[in-house]
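Undergrad:
Residue numbers (our numbering): 755 to 1232.
#1: Taking 8 Å as the threshold (C-beta atoms), are residue 1156 and residue 1196 in contact?
#2: May I ask which residues mark the beginning and end of the alpha helix (DSSP H) holding residue 915?
#3: Entirely within the region 823 to 848 and at least 4 residues each: give me those alpha helix (DSSP H) ranges in chain order.
#4: Distance, Cα to Cα, residue 1127 vs residue 971?
#5: Measuring CB atoms only, is the region 1077 to 1088 touching the region 1018 to 1033, in the sense that at least three cross pairs come out at less than 8 Å?
#6: Our contact map puts residue 1016 next to residue 1049 with C-beta atoms below 8 Å; I'd like the distance itself, whole angstroms only.
#7: Using DSSP with H/G/I as helix, E/B as strand and the rest coil, what is residue 1103?
#8: So, using beta-carbon positions, are residue 994 and residue 963 closer together than 8 Å?
#9: Does the region 888 to 900 touch the region 933 to 949, meaning 3 or more C-beta pairs lie closer than 8 Å?
#10: Can you tell me which of 882, 859, 891 and 831 puts its alpha carbon nearest to the alpha carbon of residue 865?
#11: Taking the alpha-carbon positions, what's the residue 1117 to residue 1087 distance?
#12: On a Cα-Cα basis, can you pick out the residue from 818, 1022 and 1219 that is closest to residue 1160?
#13: In this structure, does DSSP put residue 905 in helix, strand or coil?
#14: So residue 1031 is in the beta strand (DSSP E); what residue range does that whole segment cover?
#15: Hey, could you find the ends of the beta strand (DSSP E) residue 1165 is sitting in?
#16: Using the Cα positions of residue 843 and residue 950, report the straight-line distance between them to the nearest angstrom.
#17: Tell me where the alpha helix (DSSP H) around residue 1091 begins and ends.
#18: Measuring CA to CA, which of 880, 887, 922 and 1045 is closest to residue 986?
#19: Suppose the cutoff is 8 Å on Cβ atoms and the five residues either side in sequence are ignored; what does the same chain contact list for residue 791 look like?
#20: Applying the criterion that 16 or more other CB atoms from any shown protein chain within 10 Å of the CB defines a buried residue, is residue 1164 buried or exposed?
#21: By DSSP's criteria, residue 863 is part of a beta bridge. Which residues make up the other side?
#22: Might you give, ordered along the chain, the residues of its own chain that have their beta carbon closer than 8 Å to the beta carbon of residue 927, omitting 5 neighbours on each side?
#23: For residue 852, which of helix, strand or coil comes out of DSSP?
#24: If residue 1188 and residue 1209 are in contact, beta carbons under 8 Å, what's the gap, nearest whole angstrom?
#25: Would you tell me roughly how many angstroms separate the C-alpha atoms of residue 824 and residue 860, rounded to the nearest one?
#26: Out of 1090, 1095 and 1026, which has the shortest C-alpha to C-alpha gap to residue 1059?
#27: Alpha carbons only, please: which of 1040, 956, 1101 and 1227 is nearest the one belonging to residue 996?
#28: Residue 983 lies in the beta strand (DSSP E); which residues open and close that run?
#29: Express the C-alpha separation of residue 872 and residue 803 in angstroms, rounding to a whole number.
#30: Quick check: the Cα distance between residue 968 and residue 1184, rounded to an integer number of angstroms?
#31: Give me the residue from 1100, 1010, 1090 and 1113 with the minimum Cα distance to residue 1035.
#32: Tell me whether the beta-carbon of residue 983 lies closer than 8 Å to the beta-carbon of residue 1019.
#33: By how many angstroms is the C-alpha of residue 998 removed from the C-alpha of residue 1105?
#34: Using three-state DSSP, classify residue 1156 as helix, strand or coil.
#35: Mind reading off the beta-carbon distance from residue 1011 to residue 1107? Whole number of angstroms is fine, and I expect it under 8 Å.
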């Protein structure tokens, strides 16, 4: 072979097949792995490169013919064994730097790799098919569930239109609320299944932006103010009166964020701010900020918020309910509208959710609506707003700390509201104020905690006499 043992040894035990052939195509060297894979022994030196790669190389009078592009880039070829069976390889064939008439072929057997690739592709297709079947099943089931739920809801509302005794009316209102909650869960599951299956599409249209915000505000203002919370909404005058976007989905995102803020906030306020932050041709970026002074979120738990079926911890899920789909759906909807959603929060100091979306502009529309009852600001400087929110959170923290003057004052206010609800037999609202009282007495002495627990149990059982006794005992203790 004309090569020294010292030169051959380093490549003899190489893990890839190495073949050396001359300009006639005759093989002058094959390392151990090449001989093993091709099932040759010393008789390999009687063979030509066209015997190993007959689909790529052809013998001719001058040596060999090939369309192969010699160089360092690997190419997929088919190698033939001695018994004429074949297997795929990834090969690099190049001229020797020392002799232009000598060629070096380095090849890796990719039979196993191709097999695994086919297996992976098959598994992927099966998973996609399973996802499709699951999505269709979920869609069908949710549609089927809507029919009986809406049937119950319709009959309950018909009964509510008739005069009944107070206890029956309370039960009917409870059923109505349960049906509404069930419909919300069904809608969330349906939206999630559509988003996961890639079948969800936006429906942009022209609509009045501030009227949409007024509608959203009216949906939440009563529940928020009933809890004794402040609710403020500000909109930049730079935002046009009419825009083109999917109004329903923007409302869905805002409803989810404001509902969460209301759910997790017992003291302080909730604010919604909307700004115009960028414009490219006939599209503008709107930036929404929803802030609260609620329970807040630990830094380590923030990443869980936007995952599907995920909540910060099990205790929150038990106390406040929910499927853990809302924020994941919000994230996907925001991304469909070309934006992103973020959260900033601190435990016991509230949360701030912000998201951006891109919307279309309407030609010939006025920029400012004078009919809107939403306060409008220019937001040239945001520092006063930031300071106000920080002061609000500090005040809320003082209120939450048991034993402070602010804490005792708010406890007494909520007890007064609670007993008024009990007198009016509005047990649902009484439970809401009881939850606030429970939060305000966290860290209280054991005797206070026991009184709070007894009062809470009496309210849950709607036992008027025990509630009055519990109320007087807790009020005297304070």
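The beta carbon of each residue, even a glycine, is placed where N, CA and C say it ideally should be.
Only a predicted model underlies this, so the values are computations on that prediction, with no experimental measurement involved.
TA: Looking at the atomic coordinates:
#1: Residue 1196 sits at position 442 when you count from the first residue of the chain shown. Residue 1156 sits at position 402 when you count from the first residue of the chain shown. At the C-beta level, residue 1196 and residue 1156 come within 8 Å of one another.
#2: The sequence position of residue 915 within the chain shown is 161, counting from 1. Per DSSP, residue 915 belongs to no alpha helix (DSSP H) and is neither H nor E.
#3: Segments of the alpha helix (DSSP H) lying fully in the region 823 to 848: there are none.
#4: Sequence index remark: in the chain shown, residue 1127 carries index 373 (1-based). Sequence index remark: in the chain shown, residue 971 carries index 217 (1-based). Residue confidence is low: residue 1127 scores 45 on pLDDT, short of 50, so the model does not pin down where it sits. No coordinate-derived value is stated.
#5: They do not touch, by the three-pair rule.
#6: As a position in the chain shown, residue 1016 is number 262, starting the count at 1. As a position in the chain shown, residue 1049 is number 295, starting the count at 1. About 12 Å separates the two Cβ atoms, so there is no contact after all.
#7: Here residue 1103 refers to the residue found at position 349 when the chain shown is read from its first residue. Residue state, collapsed to three classes: coil.
#8: Here residue 994 corresponds to residue number 240 of the chain shown, with the count starting at 1. Here residue 963 corresponds to residue number 209 of the chain shown, with the count starting at 1. Cβ atoms of residue 994 and residue 963: closer than 8 Å.
#9: Result yes; three or more Cβ-Cβ pairs closer than 8 Å.
#10: In the chain shown, the residue the question calls residue 865 occupies position 111. Distance from the Cα of residue 865 is smallest, within the candidate group 882, 859, 891 and 831, for 831.
#11: Here the question's residue 1117 lines up with position 363 in the chain shown. Here the question's residue 1087 lines up with position 333 in the chain shown. Here the alpha carbons of residue 1087 and residue 1117 stand approximately 26 Å from one another.
#12: Numbered from its first residue, the chain shown carries residue 1160 at position 406. Closest option to residue 1160, Cα to Cα, is 1022.
#13: Within the chain shown, the letter at position 151 stands for residue 905. Helix at residue 905.
#14: Within the chain shown, the letter at position 277 stands for residue 1031. Taken as a continuous stretch (DSSP letters only), the beta strand (DSSP E) holding residue 1031 covers 1023 to 1034.
#15: Along the chain shown, one-based indexing puts residue 1165 at 411. That residue, residue 1165, is in no beta strand (DSSP E); its alpha helix (DSSP H) goes 1159 to 1177.
#16: Mapped onto the chain shown, residue 843 falls at position 89. Mapped onto the chain shown, residue 950 falls at position 196. Put simply, the backbone Cα of residue 843 is about 38 Å away from that of residue 950.
#17: For the purposes of this step, residue 1091 is taken as residue 337 along the chain shown, with counting starting at 1. Residue 1091 -> no alpha helix (DSSP H), and no H or E assigned at all.
#18: Walking along the chain shown from the start, residue 986 turns up at place 232. Scanning 880, 887, 922 and 1045 for the CA closest to the CA of residue 986 turns up 1045.
#19: Stepping through the chain shown from its first residue, residue 791 is reached at position 37. Counting only Cβ-Cβ distances below 8 Å, and skipping sequence neighbours, we find 771, 833, 835, 841 and 863.
#20: Numbered from its first residue, the chain shown carries residue 1164 at position 410. Of the other Cβ atoms in all chains shown, 16 or more fall within 10 Å of the Cβ of residue 1164; this residue is therefore buried.
#21: One-based indexing of the chain shown puts residue 863 at position 109. Looking at the DSSP assignment, residue 863 forms a beta bridge with 843.
#22: Along the chain shown, one-based indexing puts residue 927 at 173. If you ignore the 5 residues before and after residue 927, its C-beta comes within less than 8 Å of the C-beta of 914 and 1182, all in its own chain and listed in chain order.
#23: Here residue 852 refers to the residue found at position 98 when the chain shown is read from its first residue. Secondary structure of residue 852 (DSSP, three-state): coil.
#24: Within the chain shown, the letter at position 434 stands for residue 1188. Within the chain shown, the letter at position 455 stands for residue 1209. With a contact defined as Cβ atoms closer than 8 Å, residue 1188 and residue 1209 qualify at about 7 Å.
#25: The residue you call residue 824 lines up with position 70 of the chain shown. The residue you call residue 860 lines up with position 106 of the chain shown. Going by the C-alpha atoms only, they are around 12 Å apart.
#26: Within the chain shown, numbered from 1, the residue matching residue 1059 stands at position 305. Minimum Cα distance to residue 1059 is reached at 1095.
#27: By 1-based counting over the chain shown, the position of residue 996 is 242. Answer by Cα proximity: 1040.
#28: By one-based count along the chain shown, residue 983 stands at place 229. Careful: residue 983 lies outside any beta strand (DSSP E) and carries neither H nor E.
#29: Translated into positions along the chain shown, residue 803 becomes position 49. Translated into positions along the chain shown, residue 872 becomes position 118. Whole-angstrom Cα-Cα distance: 29 Å.
#30: Indexing the chain shown from 1 puts residue 968 at position 214. Indexing the chain shown from 1 puts residue 1184 at position 430. Distance between the alpha carbons of residue 968 and residue 1184 is about 28 Å.
#31: By 1-based counting over the chain shown, the position of residue 1035 is 281. Minimum Cα distance to residue 1035 is reached at 1113.
#32: Locating residue 983 in the chain shown gives position 229, counting from the first residue. Locating residue 1019 in the chain shown gives position 265, counting from the first residue. Remark: C-beta atoms of residue 983 and residue 1019 approach each other more closely than 8 Å.
#33: Locating residue 1105 in the chain shown gives position 351, where the first residue counts as 1. Locating residue 998 in the chain shown gives position 244, where the first residue counts as 1. Rounded to the nearest whole angstrom, the CA to CA distance from residue 1105 to residue 998 is 30 Å.
#34: Counted from its first residue, the chain shown places residue 1156 at position 402. In this structure, residue 1156 counts as coil in the three-state DSSP scheme.
#35: For the purposes of this step, residue 1011 is taken as residue 257 along the chain shown, with counting starting at 1. For the purposes of this step, residue 1107 is taken as residue 353 along the chain shown, with counting starting at 1. Indeed, because the Cβ distance is near 5 Å, the residues count as touching under 8 Å.
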